[in-house]
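Below is one structure, written out as structure tokens; comments come after it.
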Amino acid sequence: MDISDEGAELDRRWVEVGNNVSGIVRGCRGASIVAEHFVRAGWGSRSSSLHGYELETAWCQVEIEPIEGSEVLLNGVVDPERLDELGGLLHRSGLGFSLELYDGDVLIREIRA
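Quick note: the sequence shown uses my numbering, first residue 216, plus one each step.
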């Protein structure tokens with residue numbers, strides 16, 4: 216269930232932005248669990264490494280990769296006006312997280328749950 220071609224492709228205008236979001240997802244047994252939550256919400260998901268995934272919708276594309284313990288690293292690009300929507304998806308999934316939004320090298324916003 217963690218792989219799906221059903222989601223929308225990233226809008227081309229966000230491809231030009233480059234990575235602007237990074238974060239940590241806490242309290243999960245692996246990246247596949249996180250990917251399942253995104254797939255249930257209608258996102259596309261594909262394997263990007265042995266244990267990592269690329270998750271995509273029209274306004275966001277992130278890579279997730281397990282790190283130590285029960286944490287998953289998240290980074291990619293998001294429409295800055297929809298950062299709360301990304302956080303809301305993680306929150307509704309019952310996952311703890313912190314997300315940081317950047318403009319170049321400047322941190323412009325941070326949300327945690």
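Beta carbons are placed, not taken as given, at the ideal position from N, Cα and C, and that holds for glycine.
Discussion item. Let me make sure I understand the geometry here. Which of Asp294, Gly284, His252, Glu271 has the alpha-carbon closest to that of His306?
Written reply: His252
Discussion item. For a test of the three-state rule: what should DSSP assign to Ser313, helix, strand or coil?
Written reply: strand
Practice prompt. Enumerate in chain order the residues of its own chain whose CB-to-CB distance from Val249 is below 6 Å, with the five nearest sequence positions on each side excluded.
Written response: Val240, Cys243, Ile279, Val287
Practice prompt. Can you give me the start and stop residues for the beta strand (DSSP E) that Leu322 sits inside?
Written response: 321-327
Worksheet item: Which residue's Cα is closest to the Cα of Gly238: Asp226, Tyr268, Gly267, Asn290?
Response: Closest by alpha carbon: Asn290.
Practice prompt. Using beta-carbon positions only, say whether Leu304 and Leu316 come within less than 8 Å of one another.
Written response: no
Worksheet item: Where does Ile282 sit, in a helix, a strand or coil, going by DSSP?
Response: Ile282 falls in the coil class under three-state DSSP.
Practice prompt. Compute the beta-carbon to beta-carbon distance between Cys275 and Leu314, rounded to the nearest angstrom, for a pair I have assumed lies under 8 Å.
Written response: Their Cβ separation, rounded to whole angstroms, is 11 Å, which puts Cys275 and Leu314 out of contact at 8 Å.
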